[in-house]
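**Q** Can you keep this structure in mind? I'll have questions shortly.
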Amino acid sequence: MTVCYKCKVDKSETDFYPSCLRNGDYMCKPCKNKAAREWSNSHPDKRREIGKNYQRRYRVTHKEWLNTHARAQNRDLKLKVLALVGGKWVREGCGITDFRMLQINHINGGGSSE
Ligand SMILES: [Zn+2]
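Here my numbering is used: the first residue of the sequence shown is 1, the next is one more, and so on.
Following this line, the structure appears as structure tokens:
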């Protein structure tokens with residue numbers, strides 16, 4: 001059992017983050033979360049900057065996965081749209097069976113007025 005130095009309650013070790021126990025920081029999870037929330041609310045600019053830096057690093061370290069995921073999402077969306085137009089590109093089409101070659105356009109080029 002360990003006493004939280006913030007709320008002074010005697011708690012089991014599962015009520016503390018392992019990294020806190022390793023570092024001798026005996027603040028329980030609820031107190032730690034509350035303190036982090038308060039710091040975040042009182043330092044919005046620093047919090048935003050930390051978030052931006054994290055996202056930048058994440059995009060660099062997970063670039064391959066993010067690209068693969070985006071390609072899969074785009075492919076699924078294109079297949080859904082092609083299914084909505086009735087699969088004409090397969091039945092009446094031009095002989096192309098690779099959906100990646102196909103584009104979706106307005107028949108008369110009227111844009112949003114069609
Ligand atoms: Zn506590």
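Glycine included, every Cβ here is placed at the ideal spot set by N, Cα and C.
Values in this document were obtained by computation on a predicted structure and should not be read as measured data.
Is the separation between the beta-carbon of LYS29 and that of PHE16 shorter than 8 Å?
**A** One-based indexing of the sequence shown puts residue 29 at position 29. One-based indexing of the sequence shown puts residue 16 at position 16. Yes, Cβ-Cβ distance for LYS29 and PHE16 is below 8 Å.
**Q** For ligand 1, enumerate in chain order all residues having a CB closer than 5 Å to any of its heavy atoms.
**A** Ordered along the chain, the selected set is CYS4, LYS6, CYS7, CYS28, CYS31.
**Q** Could you check what DSSP says for LYS11 in three-state terms: helix, strand or coil?
**A** Your numbering for residue 11 matches position 11 in the sequence shown. LYS11 falls in the strand class under three-state DSSP.
**Q** In the DSSP assignment, what are the bridge partners of VAL3?
**A** On the sequence shown, residue 3 is found 3 positions in, with the first residue counted as 1. Paired residues: ASP10.
**Q** Measure the C-alpha to C-alpha separation of LYS78 and LEU21 and round it to an integer number of angstroms.
**A** Here residue 78 refers to the residue found at position 78 when the sequence shown is read from its first residue. Here residue 21 refers to the residue found at position 21 when the sequence shown is read from its first residue. The straight-line gap from Cα to Cα measures roughly 50 Å.
**Q** What distance in whole Å lies between the Cβ atoms of ARG59 and LEU66, which are believed to be in contact at a cut-off of 8 Å?
**A** As a first step, residue 66 must be located in the sequence shown, where it is residue number 66. As a first step, residue 59 must be located in the sequence shown, where it is residue number 59. Yes, LEU66 and ARG59 are in contact; Cβ-Cβ is about 7 Å, under 8 Å.
**Q** Among residues of its own chain, excluding the 5 on either side of SER12, which ones have a beta-carbon nearer than 8 Å to its beta-carbon?
**A** As a first step, residue 12 is located in the sequence shown; it is residue number 12 there, counting from the start. MET1, THR2.
**Q** Taking the C-alpha atoms as reference points, what is the distance between TYR5 and GLN55?
**A** Reading the sequence shown from its first residue, position 5 is the one you call residue 5. Reading the sequence shown from its first residue, position 55 is the one you call residue 55. Approximately 33 Å between the Cα atoms of the pair.
**Q** Rounding to the nearest angstrom, what Cα-Cα distance links ALA72 and THR97 in this structure?
**A** Looking up residue 72 in the sequence shown gives position 72. Looking up residue 97 in the sequence shown gives position 97. Approximately 18 Å between the Cα atoms of the pair.
**Q** I'd like to know whether the C-beta atoms of LEU102 and LEU82 end up nearer to each other than 8 Å.
**A** Along the sequence shown, one-based indexing puts residue 102 at 102. Along the sequence shown, one-based indexing puts residue 82 at 82. Yes. Within cutoff.
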